[in-house]
Every structure is written in C-alpha cells, then in structure tokens.
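Notes for the one structure printed next.
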Amino acid sequence: MIEIKNLKMSLSSAGRPVTILDEINLHVPAKEFLAIVGPSGSGKSTLLGLTAGLDRPTEGSIVIDGTSLSDLNEDQLATLRREKIGMVFQSFHLIPTMSALENVQIPLELQGRDDAAEAARTLMAAVGLAERCHHYPVQLSGGEQQRVAVARAYAGSPALLLADEPTGNLDSKNGERIIELLLKLHQDQGNTLILVTHDMDLASRADRIITLRDGKVVEETRRP
Amino acid sequence: MGKLSKKHAGLKNNRFIFKMLWREVRGALRHFVFFLSSIAIGVGAIVGVGNIAVNFEAMTEHEAKNLLAADLEARLNRPLSPEGEAVLSELRQAGVQSVRVSEMVAMASNPESTQTQLVELKAVETAYPFYGRLQLDPPVAQPFEDEGVVFVEEGLLLRLKLAVGEKIGLGDADFTVGGVVRREPDKVAGPFSIGPRVLISQEVLQRTGLVKVGSRVRNRLLLKTAEDWPLEKLKNHLLEQWADESVRINTYREVRPRLRRFLDNFTTYLGVVGLITLLIGGIGVGGNVHAFLTERIKTIAILKSLGTASSTILKIYLGLTLLLGSIGGLIGIGLGIGVYHILGNLLSGFLPPGFHFQLSFTPIAQGVSMGLLTALLFSIWPLRVVGEVSPSRVFRHEVEAIPNRTEKGRLAGRFFLMASLVLAWIALAVWQADSWKLGGSVAAGLAVAMVLLLLSGRATLFLMKHMGKPRCLSLRYGITNLYRPGRQVAAILLSLGIAVMVLLTLKQVEKNLMAQLEQNIPEAAPGLFFIDIQSDQKEGLMTILDQWVLKRPTALTPLIRSRLDAINGQKISEMNLEGRRDSWYFTREYVLTYQEELPQHNVVKRGLWWDGTPAGREEMLSVEAEAAQHLGIDLGSEVRFDIQGVPVSGKISSVRDVDWGSMTTNFYFIFPPEALAGAPETFVATVTADAADDHAIQNAVIDAFPNITIIPIREILETISRILQEVARTVEFMAMLGLTVGLVVVSGAIAATRGRRVHEMVLFKILGATRPNLMAMMAVEYAVFGLLAAVVGGGLSVACAWVVVHFFLDIPWQFAWRVLLVGGLVTMVLTVLTGFLVTYRTLGEKPLVALRTE
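Residue numbers (our numbering), protein chains in the order written: chain A, 1 to 224; chain B, 1001 to 1854.
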C-alpha cells in the first residue's frame, strides 16, 4: 500500500535548517493498523502529513498504491486524497462555518456523489450524532466534534486513514469512544490505518508500532 | 480615595491608554490599510471638489466684476443733482475711482460716400475699464486721451466700407478710426443689437454735439472701491446719500450670470457625490473596526478579567479610531490635491483664459474634519461591543465573536445609539451640501437606498438558502458561502450597492441628456440662423445662398410682432391679472406667423389644420396647447391681436403640441396665410450648409444686407455639447471614486475573513478539493456579491435616474438598458477580480504549513 524510501524533511527555523525527518524507510501493507509513537517534536505528525501529500519532502519518495507522490502536482495530490485518504486531527479541524452534516458531506460531494446528503446522514447516525446534523462545530462538545471528524474521514470510504493524535484533546471517556469508533470502521471497511499517538496503551492495539525520535525510526515492534 | 490620589490614578490610567493605543497601532497598522484608504479616498473626493468649488466661486466673482467692469454700477435716469455730485467728489477724494459711461443710439457715416449706419455709441473716461479687458486692434495704450479718435466694431467698417485710420462721421464732426473693438468687458451679449458699437471718450461725445436736450442718453457711473470704502459700505452710503436721486445701484455680487448659478449647483452636486464616497468609506471603516474587534475579543476579555474598566478599553479603541481617522485624513489631503488637479483639467473649458487655480485652506480643513467625524461615527457602532464583551470570553472560542444575544434594555440603548449616529450623519450631509433641503434629501435618499439594499440582500440570501441547492459543487459552495456566519455581507452589499447606484444613475442621466441633444441635432443640423430679413431682401438673399450647395433648401419663415388685444371680446387691458403667475402669457409680445402646412415637430391635439378646408380659412387660428391652457382658450375661442395698431382676430380651430426642444423656430399662434396678408413682416431663415462654408456665407450675407443678424447655431450647439461632455466626464470621475471606495470596502470585508478562508481552504484541500474547485467556489461567491449589488444598485439607479430625468431635467425618459447591462457586468467582473486579488495567495497555501502555523 505505502512505500516510503529515504524520506527526509528539513525546515528552516530562524534561518537555520532543522531536520524533522531523517532517512525514514517504511513499508505499510494494505489493511495494516500501524501506530507511530514518539515524544513531541519527533516528526510523527510531519510524517503523517507528508504521507497525505500535504507538503513536499526535502528528499526521498512516498509511493501510495503504485503512485509516487512526487510525480503529482498540487491538484493531483488533492484528487488522490479525495479518492484514497481520510484524515482525523487532534484539534478536529472541522470547517467552523458549516454545519456538522455539511462537513461530512464535503468529501462525498467532491467525489461527485449524488446521494451525498443521505450518505452523510447515515454516517452521522453511525457515529451517534443523527440528532446534531445541523449544529455548527462550536455548538458541539469536543468529543462530538471528533466524532463528526471521524465520520467525515470515513465518508469517502478511503483505502487509507490517517489519524493524528485523535484523542489528544479529549477526556479519557470520549477518547475511548473515538478509538472504538475508528477501529470498528477500520475493521468494517478493511482499510489501512495509521495512527499517531502518545498513548502506549492505544498503540499496543496496533498490528505494528514504530517509534520515532529526532526524526528517525528508532524502534519497531510487531504485535505477536 | 483622596483628591490627589484620584488624580494620580487618572494620570496613570491615561498613560495606560496611550501605551495600549501604541501597542495596538504598532501591531495592527497592516489591518487598517482598508480603514485608511476608505477615509483617504473619501476625504480626497471632498477636498478636491471643495477646492474646485472655491476656485469657481473666485472665478465667477472675478467674471462678475468683469461683466460690470467695476465693483459697483449706478444707473442714472437723470443727471445727479449738485448735492449728489458733491457726494461723489467726496468719495473720489477718499480714493474711490469712478468712470462716467454714456450710451446712446446715433448715426455714423462715411464722409466720402455718405453711406450711413445706425450705431450704438458708448462714451467712457480714461480709467475705463476697472476690471476685464478692453481689447483693441491694433492695441492702444491710452485709447481715450486723443479727442479725435474713435474705436469701432469690425462690422461697421465692413458696412461703411472704411478701414482703420480713415475718417468716420459722427454727429457734427469727423473722427479718425483708431482701431477695431475686439472685446469689451461690460457688453451684454445678445443677438438683438440695434447696430455696431462705437467706443469714444466723453470729450469726443461732447464734440459730436449729439447730446442735446431731449436726446435719449443712458448714463451710468462705474465705481471702484477704495480701502476705506469697501463694497457694502460704499453701496449703503450711496443708497442713503442718493436716496433722492433717480439711480439704481448694483454691485458685482448682484450680477449673477447663469454660468455662476450653474457652477454653484454643479459643484454642490459634485460635493454630494463626494459625500456619498465618504459614506461608502464610512461603511468600510465600520466593517474594518468590526473585523478588528472580532479579532480582539479575546484581548478585551483578558483585559477585563485583569480588571481593566470598559470605559478605559473603549478609550483605547476610540483613540485608535481618531488616530487612524487623522492619518487617513492627512493621506486624503494628498489625494484631494490630485483629485483637484484632475477636476481642474476636466473642467478647463469653463475657465477664462489666464485664470489659475489656487489651493485653498478651508475646503481642506472641512474635508479632513468630515473624514475624522465619519471615521468616528462609523466606528462607534461596532465599538459598542467593547462594553458588551464578557470576561468569560477568555474561556470560549466562537466563530461569530461579536455577541448576538441582546437583552431588552440593551436593545433600547442600541436603538438610541443608532438614531444618534444617523442624526449626526444627516448633520454632516447638511454641512457638506450647505443646504438643509439638499443635505436632508440626500441623507434620506441614501437611508432608503441602504434599507432597500439590506432588505433585498436578506431576501435574496433567504431565497437562495431555501431554494434547493444547485447540483454543481462550486456553485453550491459559492452560494452557501454567502450566508455563512461572519461574511460581512451587509458591508459589501451596502458599499458596492450604493457605489453602483450612484455611478449608474449618473450614467443613465447622461445617456438621456445626450440622447436628447443628439435627437435635436439631426445629421443636417442648421448651421446658421438669419433674423430680421426684410420682405424686399428675400429674393436677394436667396440669390446669394444659391452660390453654395445647401444640404437643405432654405425656408423663410415670416414673423409678425403683435400683442394680445382681447380674448372672446374681453380686452386684456381690462382683465385683472394681478397676482397671476402666468400673467406673462397675456401681456407678452407674441411673434405670429402664417403657414400653409403644419410645421415639423408640431402635432394637432384637438381640432383640424386648415389644409383642405376651403371655406372660412381666413378666420382660423392655431394655438399651442400650453399657451391655450394658460390663456383659458380652446377650440372656438376668439382671439384678437394688435399688430402695430391694426386689430387682427381669429377663431381657434386647432390646438397643437409643440416640441420646444427641437432646434427650429416654433410659434404659439399660427394663422393661415390669407389671414395676415399685408401685415408688417420680417423673415427668419435657417441655412443648412457644409460647416466649411458657414463663414463665407456669413460674410457674403453681411456684405449685402448689413441689417441681417446671423446666429451661428452650429457653434453654439458644439459649445453646449462640449460643455455637457466635460460635465459628464467630471461627474463620472467623481462616481468612479465612489466605486473605487466601494471596491476597497469589498477588499476590506473579504480580507477580514482571510484567516478563516485560509483555514477553510486548507481543510477543503485536505479533503481533496483541487485549486480549480476552490477558485470556482470563490468566483461564484464574489460574482454573486457583485450580481446582488448590481441588481439592487442598478434597480435603485433606474428609479433615481428616472426622478432626475423626469422631474429635474423634464426630458423624455429612455430606458438605457445597455448602461445597466454593461454596468452590471463590470461590477461583477470588478468584484470577482477584487476578491481574487485579496485571496489568491491563500490558494497556494501548503496544507501542512498552514496547519502547523495555526
């Protein structure tokens, strides 16, 4: 599914280059549940972002389903995400000026689905928010917002789901609920799930865990 | 707290306010680009127009002095008494200068050929003229010192077959022609002069022996003020001292030629357009301050939770507004000087040669204070929320940070605040328009326009929301984007809508005016108009005209001068016309004509024209509808005229509608030819030749028939058309300033949502939207804004233009659909371009970078 080779990412901070990712090599087979752990600033989120094509690496390549991201322009990357990738963020990132339902509808509409509204409603029901379709994000609690975000991430039935600390802003009860939801959908839809987290308990539920430190993979453990 | 410590606390508080003010300015100047430009352009418009107005005022004053050739004129019906003369000589000793002017009609002759010509003689003294220029050809330094020399109009030389330097006979003596009078300041121009001018000194007049007991001499005294004798003092003194003399006193201020009135009105209306520009800028300021405060809600909440009083915070932001208003005003002065130069160039045709524009302080001061007041007025409304922000905001984050929930008590307060702001703005409008009526009606008109714009905007958004969603993604998102929270729809719609309304109103009025003018100048418009053609000159004139190829055969129209004598047997002289506003219709001189055919531009409304009527024709009479109404006559009424003592009467047999705007000779009363046989008549003729031949034709006709007066219509029409175009261009320029501010406000409103837009776009990208998707959404959103403003503003402009055309210009209304169409399209395109200009950079944001910087 995903083939990452010699990935390097440097940013300049105060005029000096800072290496965020260094020589990352990673193979993620289809349907795997991969957890990425590591301390703050170790490059987890950047790795996830680069995988989604949200920025360009300084060096190296990312190939998803045989397509090299470096061969694609901005708009082709967007099309790729539309078709194959769903994302969940720590701070939810719902569009604040749109209702919950509209947020879920967007990926469906971008795919040109005629039944976007109905499909989105079904997803809202699946995450237990059928009654809150017309609420705006600010009118929802953090847990509810993240459930909308999960519904949105799954809306396009992506082959790859990227979750960046999805429980980081939630209390443990709500966090647990989100994880259950993510894993259930992962199993139901049979997609590849990459989860960035601090939480080792959560990571231990993955098929495989890689640990990043200072932009390098320092450890890799596979669930027996 | 003791008095001292209170004072101390107050000082500390002030220091805090200034410090905070400085921190805000330092951090947020970039945010206020739109605030500054809105105010600057508005102030620029007012400063520019104000300076033009002041200069035109000075120019017309200068012109008025020229028209009088003096500061003050006294018309004497009889010579001054010795006491009156004593008053004058006292004034002379005090430095007041005077010139005696005597005018009379006399006969001039060529001593060689004994040819004669009636002339208008004017005798002056050496100090003539005090103002304006007497242009003699060849120039003479002291024209009225030599007692043997006279100056004449060129026409006289032509008619008497004389040249400069030759002898001319006036009264008892012969004089030398010293030169040709090319320009004479206080000559009232008019097509009906008795004869050419002969300009002489008072001494020459004495030598002619023309002034005898009983001769009709008009005497005038021209006076020039002295330091101790300013105009009003001089006038009052003379009115008092000369109370028993038979004099009429006029100062140059009372000479108000049409141009002056026109320019007065014109600059006032330009000022109103400037005012509207400032209003649009004010809307921008309001939007800008609102957006800024929305960003600052958290800061305000934190300051409050740290114990800062609302009033202190309010002072910080009011101070900020005043500071920005002042900076905007200063930039506006610079812009205003530019506007003033552009207007000056556009209106150069109105300026007499040698007149130089000068900058003046008062309009600059007025413009800047209006800018400052506008900034303040429009900031106060959004600033009210400073008091409403709760410190608990520190813990919340909301999209629409400005509170919407309003308690009842607050509602009353808000209403009161809004009402006072509106009243204050009306006061500003009255100040700028310098008239309660105009300022008030402009303010009221704008208020109606704003309410309509907002209502129709709301209605459209409501309809769009509930109409069912279009299938096309970009279309749907573009449209739904409009009614999302925090989009500043009101500011955009108001500013753009008003700008479009003003611009399109002016454009439509201009189109209607120009259409009217063009309608009246047909392809083969008459170039020359001849009047006072005598019966025995008809054939000779036609023979002369035969030498040229004319575009249209020349028709001679007979004119017979008359007065109304009686209507239905009742003598006019016995009617009681006192207090009737239309008494003029009864007492005026009527120029009658006789015609076989119904003239062009005439339509019989009631009754029948006489063609084909065999019997009783000589009793028939046709009257123009409006005159008939004022005179109270209709079909069958008997009307009697007095034609040089001979009564001629007719029965009204038709009532006509006449198009007075057509550039042809029109008549209130028309008789059939046989009814006026033998009456003393002269003829007028319109000659339509090639423009290049006009001059030659004029010379040939003058040469043969010196008594015929020629009016060059083509020149007059060209001048009118040129002036109209200058006016139109000036007004358009001012309206474009309004549109520019409108677009600045649109940019500001869009820029205010930039942060939110970047966030949304990044999320859209993450969800798989391509740049073309996003661009299409933006285009739809901005185009709908433009369309809304164009439709509502355009609709209102049709109403405004119709009112102006119908009620003020009183010309037929033509629906200028092309102006509306083009105006609407241009508005949409400009709005989309402006929107893109402000947001195009957000398209290129890399999602990860944007998320990271959040």
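Cβ coordinates follow ideal geometry from the N, Cα and C atoms, glycine included.
Since the model is a prediction, treat every value here as computed from it, not as a measurement.
For Pro1772(B), the enclosing alpha helix (DSSP H) has its first and last residue at Arg1771 to Val1803.
Of the candidates Gly215(A), Ile179(A) and Ile64(A), Gly215(A) places its Cα closest to the Cα of Leu11(A). Here the alpha carbon of Asn1219(B) sits roughly 41 angstroms from the alpha carbon of Ile1544(B).
When C-beta distances to chain A are compared with 7 angstroms, the residues of the segment 1460 to 1484 of chain B below that value are Leu1473 and Arg1484, in chain order.
The three-state secondary structure of Lys1187(B), taken from DSSP, is coil.
Using a Cβ-Cβ cut-off of 8 angstroms, Ala1301(B) does not count as an interface residue toward chain A, since no Cβ of chain A sits closer than that to its own. Inside the segment 1441 to 1501 of chain B, DSSP marks whole alpha helix (DSSP H) runs of 4 or more residues at positions 1473 to 1482, from first to last along the chain. In the displayed model, Glu1245(B) falls within coil according to three-state DSSP, outside both helix and strand.
The C-alpha of Gly1336(B) lies about 40 angstroms from the C-alpha of Leu1411(B). Contact annotation, Tyr1128(B) with Val1149(B): C-beta distance approximately 15 angstroms; criterion of less than 8 angstroms not satisfied.
Within its own chain, the residues whose Cβ lies closer than 6 angstroms to the Cβ of Ser1653(B), once the five positions on either side in sequence are excluded, are Gly1607 and Met1620, listed in chain order. In the displayed model, Gly1607(B) falls within a strand according to three-state DSSP. In the three-state reduction of the DSSP assignment, Ser42(A) falls in the coil class, being assigned neither a helical nor a strand state. Counting only the Cα atoms, Pro166(A) lies some 52 angstroms from Ala1447(B).
For Arg1841(B), the secondary structure class from DSSP, reduced to helix, strand or coil, is helix. Look at the segment 1772 to 1791 of chain B: the residues with a C-beta under 8 angstroms from a C-beta of chain A are Pro1772 and Asn1773. Where Arg1207(B) is concerned, the enclosing alpha helix (DSSP H) starts and stops at Gln1202 to Thr1208. Taking the Cα of Arg1261(B) as reference, the smallest distance to any Cα among Ala1685(B), Pro1647(B), Asp1810(B) and Phe1350(B) is reached at Phe1350(B). The three-state secondary structure of Pro1082(B), taken from DSSP, is helix.
The beta-carbon of Arg113(A) is placed no less than 8 angstroms from the nearest beta-carbon of chain B. Ser99(A) sits in coil when the DSSP states are folded into three classes, being neither helix nor strand. At a cut-off of 8 angstroms between beta-carbon atoms, His134(A) makes no contact with chain B. By a beta-carbon distance limit of 8 angstroms, Gln1097(B) contacts Lys1224(B). Their separation comes to about 4 angstroms. For Thr1770(B), the chain A residues whose Cβ falls inside 7 angstroms of its Cβ are Asp75, Ala78 and Thr79, in order along the chain. Met1418(B) is classed as exposed because its beta carbon has fewer than 16 other beta carbons within 10 Å across all chains shown. Any Cβ of chain B closer than 8 angstroms to the Cβ of Arg82(A) would place that residue at the interface, and such an atom is present. With respect to chain A, the C-beta atom of Val1849(B) has a partner C-beta closer than 8 angstroms. One thing to note: Leu1346(B) has its Cβ no nearer than 8 angstroms to the Cβ of Thr1060(B). Cβ-Cβ distances below 7 angstroms link Leu1373(B) to Leu1428 in the same chain, with the five nearest sequence neighbours on each side left out; the list follows chain order.
The contact set of Asp55(A) on chain B, defined by CB atoms closer than 8 angstroms, consists of Lys1846, Pro1847, Leu1848 and Val1849 in chain order. Taking each of Lys1187(B), Leu1541(B), Cys1800(B) and Gln1537(B) in turn and checking the Cα distance to Asn1512(B), the smallest one comes out for Cys1800(B). Note on Gln1537(B): 16 or more other CB atoms within 10 angstroms of its CB, so buried under the neighbour-count rule.
Close partners of Lys1765(B) in chain A (Cβ separation under 7 angstroms): Ala78. Shown here, Gln90(A) sits in coil according to DSSP, grouped into three states, outside any helix or strand. Distance from the CA atom of His1237(B) to the CA atom of Ala1424(B), rounded to whole angstroms, is 44 angstroms.
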